[in-house]
Amino acid sequence: MKNKKYREILYYLFTFIPFPILCGRLKGKLWILGCSSKIFRFLTTTYESPVTHLFENIVKEGDVIYDIGAHVGYFTLLFSVLVGNKGKVVAFEPNKKNLEILKRHLKINRCKNVIVVDKAVSDKTGITFFDTGDGSWTGKISLTGEYEVEVVKLDDFISKNLIPSVIKIDVEGEELNVLRGAKNLLEKYKPTIFLSTHSQELYEKCSVFLKSLNYEIHTIETMKDLIIAK
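Using the numbering used here, the first residue of the sequence shown is number 43, and each one after it goes up by one.
This is the structure in structure tokens:
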């Protein structure tokens with residue numbers, strides 16, 4: 043019984059210790075081992091490598107990045123490195139558990155150029171419900187969610203904040219509403235958009251909406267759910 047308790051304590055401690063990323067642009071940055079089942083892909087920077095390479099080629103020093111649906115911060119860390127001290131990353135994450143780990147990743151890596159916004163993003167500003175789903179990857183805005191969160195539309199947010207040059211969106215079904223809430227921003231400033239869609243219907247509707255704002259749509263053969271709009 044005592045040995046079992048010791049094993050449980052050791053497992054808990056090991057699971058949540060930071061470990062250095064082994065290669066790539068994030069080499070040497072610390073990553074919490076137990077924050078995701080995809081730990082090996084994070085540590086070897088093979089997680090969504092086609093998108094990672096795109097970001098590395100498109101994001102420039104001094105850019106302002108909106109990371110909408112920051113999860114636990116893998117791409118947030120990458121953006122922080124890519125934009126450098128002259129740039130800024132604004133990370134939106136409403137999931138309480140993800141938010142805690144995101145903030146820890148930023149703290150242990152001493153990221154001074156990241157602003158964390160603990161709000162959901164949609165086509166309105168106010169209060170909504172959030173459903174965490176089956177895990178850290180599946181949280182979403184819902185009429186019958188587990189708890190209330192603040193929600194903001196980007197057209198309101200930019201009135202008092204930096205204008206983004208690049209927007210990454212991964213929001214589990216809320217994609218089109220995020221775009222609708224950013225219509226004025228997209229028309230006026232034309233940031234580059236990386237949008238992960240979660241159904242063929244959403245892919246088509248988001249593509250039509252972006253084309254109506256004179257965006258050109260690009261795709262990656264290996265990631266057909268991803269919209270790249272410029």
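Glycine included, C-beta positions come from ideal geometry on N, C-alpha and C.
No experiment lies behind these values; they were computed from the predicted model shown.
Between the Cα of residue i and the Cα atoms of the options, which residue gives the shortest distance?
| i | options | result |
| --- | --- | --- |
| F171 | R67, I205 and E190 | E190 |
| E188 | K130, K139, K253 and G115 | K139 |
| Q242 | L221, N256 and E217 | E217 |
| D105 | E214, E258 and S207 | S207 |
| D213 | G111, I74, N127 and K272 | Residue identity check: residue 213 is Val in the sequence provided, not Asp. Here the closest residue by C-alpha is G111. |
Quick test of your reading: residue i and residue j, contact by CB under 8 angstroms. State the CB separation rounded to the nearest angstrom.
| i | j | result |
| --- | --- | --- |
| E192 | I169 | 6 angstroms |
| D165 | K195 | 6 angstroms |
| C153 | S201 | Rounded, the Cβ-Cβ distance is 25 angstroms, inconsistent with contact. |
| V132 | D160 | Not confirmed; about 12 angstroms, so no contact. |
| L228 | L255 | 5 angstroms |
Can you tell me whether DSSP reads residue i as helix, strand or coil?
| i | result |
| --- | --- |
| H260 | strand |
| K71 | coil |
| K102 | coil |
| F58 | coil |
| K210 | strand |
| L221 | helix |
| H95 | helix |
Look up residue i in the DSSP assignment and give the residues it is bridged to.
| i | result |
| --- | --- |
| S238 | L268 |
| I107 | V131 and V208 |
task = Entirely within the region 115-201 and at least 4 residues each: give me those alpha helix (DSSP H) ranges in chain order.
result = 116-125, 138-150 and 196-199
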